[in-house]
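Below: the structure, in structure tokens.
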Amino acid sequence: MIKQCVICDREFYSRTNAKFCPECSPRRRKTTVELGGLMKCEMCGKEIVRTVATKRYCAACHEFIRRHHGQKK
Ligand SMILES: [Zn+2]
Ligand SMILES: [Zn+2]
């Protein structure tokens, strides 16, 4: 059935009783990482500020990994 999103008022089709369109779905939002929050480096455990959603390591560890895995030969 056609529903109206409670956030953006856009009409969307849903077979469930969803209140949000796919764009505003909280489930979808959950998968995006909050930038600017603190996270721990997966290598050394140092606390760093997340500036990129895919960031996993502190600058030092990132450089270390890049140098050791970035080589083609
Ligand atoms: Zn919406
Ligand atoms: Zn680190």
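Taking this note's numbering, the leading residue of the sequence shown gets 18, the next gets one more, and so forth. From the three backbone atoms N, C-alpha and C, an ideal C-beta is built for every residue, glycine too.
According to DSSP, which residues form a beta bridge with residue i?
{"i": "residue 56", "result": "65"}
Starting from residue i, trace the alpha helix (DSSP H) both ways and give me its first and last residue.
{"i": "residue 29", "result": "No alpha helix (DSSP H) holds residue 29; the beta strand (DSSP E) holding it covers 28–30."}
{"i": "residue 80", "result": "76–86"}
Tell me, to the nearest whole angstrom, how far the beta carbon of residue i is from that of residue j; I am working on the premise that it is less than 8 Å.
{"i": "residue 73", "j": "residue 54", "result": "So it is not a contact: roughly 14 Å between Cβ atoms."}
{"i": "residue 38", "j": "residue 58", "result": "The Cβ separation is near 36 Å, so there is no contact."}
{"i": "residue 41", "j": "residue 61", "result": "That belief does not hold up - the Cβ atoms of residue 41 and residue 61 are roughly 37 Å apart, past 8 Å."}
Identify the continuous beta strand (DSSP E) that holds residue i and give its terminal residues.
{"i": "residue 125", "result": "Residue 125 lies beyond the range of the chain shown here (18 to 90); nothing can be said about it."}
Taking only the alpha-carbon atoms, compute the straight-line gap between residue i and residue j and give it to the nearest angstrom.
{"i": "residue 85", "j": "residue 64", "result": "23 Å"}
{"i": "residue 36", "j": "residue 30", "result": "11 Å"}
{"i": "residue 32", "j": "residue 77", "result": "48 Å"}
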